[in-house]
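Data first, discussion second: the structure below is written as structure tokens.
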Amino acid sequence: MASPRGTVGLRILAYGSALSTYVLIVIGGYVVFSGSGVACGSSGPDSWPLCNGQALPTLSGPVLVEWTHRLFTLVVGLFVLGTTVIAWSRHRQEKRILQLSTISSLVLLGQILLGMATVKTGLDPLVSTAHLAVASALLAVVMLNAITVRRFTTSSDLVLR
Ligand code: HEM
Numbered sequence: 001m002a003s004p005r006g007t008v009g010l011r012i013l014a015y016g017s018a019l020s021t022y023v024l025i026v027i028g029g030y031v032v033f034s035g036s037g038v039a040c041g042s043s044g045p046d047s048w049p050l051c052n053g054q055a056l057p058t059l060s061g062p063v064l065v066e067w068t069h070r071l072f073t074l075v076v077g078l079f080v081l082g083t084t085v086i087a088w089s090r091h092r093q094e095k096r097i098l099q100l101s102t103i104s105s106l107v108l109l110g111q112i113l114l115g116m117a118t119v120k121t122g123l124d125p126l127v128s129t130a131h132l133a134v135a136s137a138l139l140a141v142v143m144l145n146a147i148t149v150r151r152f153t154t155s156s157d158l159v160l161r
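First residue of the sequence shown: 1, per my numbering; consecutive thereafter.
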């Protein structure tokens with residue numbers, strides 16, 4: 001079993017995944033309620049991954065809201081993919097953590113593609129609803145993983161006492 005010191009990185013990444021996903025969901029809600037969903041455009045490469053044809057658009061009003069949602073996805077991505085990488089490289093014996101981390105990375109990938117589809121379909125209600133559904137699923141998986149990591153590291157503490 002890993003020592004608590006050896007699990008610090010895993011804990012930071014797993015807790016960070018849960019917290020950052022929650023924050024991104026709140027930002028997503030703001031995108032919807034402020035009507036900023038198509039502020040970057042809604043067709044062709046100009047709207048995604050670019051924003052109105054620019055990598056760094058003028059950040060104000062609805063563009064700032066939509067772009068912040070996209071940029072924060074990068075933060076979530078770093079935490080979620082980081083958790084998966086560290087799980088596979090250092091905690092391969094913890095099967096549950098390995099499974100949940102891998103599932104969360106796959107769900108994240110699907111969610112990014114759905115985010116793209118949300119934009120490119122001009123906020124089609126079915127696609128937007130799927131985007132919300134997958135966001136909830138992602139939060140469930142990363143929270144479950146954070147709880148599993150917490151249990152794993154707490155039991156490590158007990159062994160050393
Ligand atoms: C982990 C990744 C993501 C999560 C958890 C997430 C979550 C959310 C949530 C919860 C909403 C509000 C949905 C609602 O209340 O109906 C939302 C809205 C939205 N998201 Fe994401 N999102 C993610 C990534 C992306 C990406 C990469 C894009 C790419 C452009 C994107 C584009 C949008 C758009 C355009 C809306 C507004 C939809 C509308 O106005 O109906 N999202 N997101």
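All C-beta atoms in this analysis are idealised placements derived from N, C-alpha and C, irrespective of residue type, glycine included.
Should residue i be labelled buried (16 or more other beta-carbon atoms within 10 Å of its own) or exposed?
i      : result
Gly29  : exposed
Gly82  : buried
Leu126 : exposed
Gly115 : buried
Ser89  : exposed
Thr58  : exposed
Arg70  : buried
Val23  : exposed
Val80  : buried
Thr118 : buried
So residue i and residue j are in contact, right, with Cβ under 8 Å, and what is the actual spacing, rounded?
i      : j      : result
Thr170 : Thr102 : No answer is possible for residue 170: it lies beyond the span of the chain, which begins at 1 and ends at 161.
Val142 : Thr21  : 5 Å
Ala14  : Asn145 : 5 Å
Take residue i and list the residues in its own chain whose beta-carbon comes closer than 8 Å to its own, dropping the five residues that flank it on each side.
i      : result
Gly122 : Val38, Ser42 and Ser43
Would you say residue i and residue j are within 8 Å of each other, going by their C-beta atoms?
i      : j      : result
Ser104 : Ser17  : yes
Ile86  : Thr148 : no
Trp48  : Lys120 : yes
Val65  : Val31  : yes
Which same chain residues end up closer than 7 Å to residue i when comparing Cβ atoms and leaving out the 5 residues on each side of it in sequence?
i      : result
Val107 : Val134, Ala137, Leu138 and Val141
Spatial neighbours of residue i within its chain, please: CB distance less than 6 Å, with the 5 preceding and 5 following residues excluded, ordered by chain position.
i     : result
Val75 : Ser20
Gly53 : Asp46
Pick helix, strand or coil for residue i, following the three-state DSSP scheme.
i     : result
Gln99 : helix
Thr73 : helix
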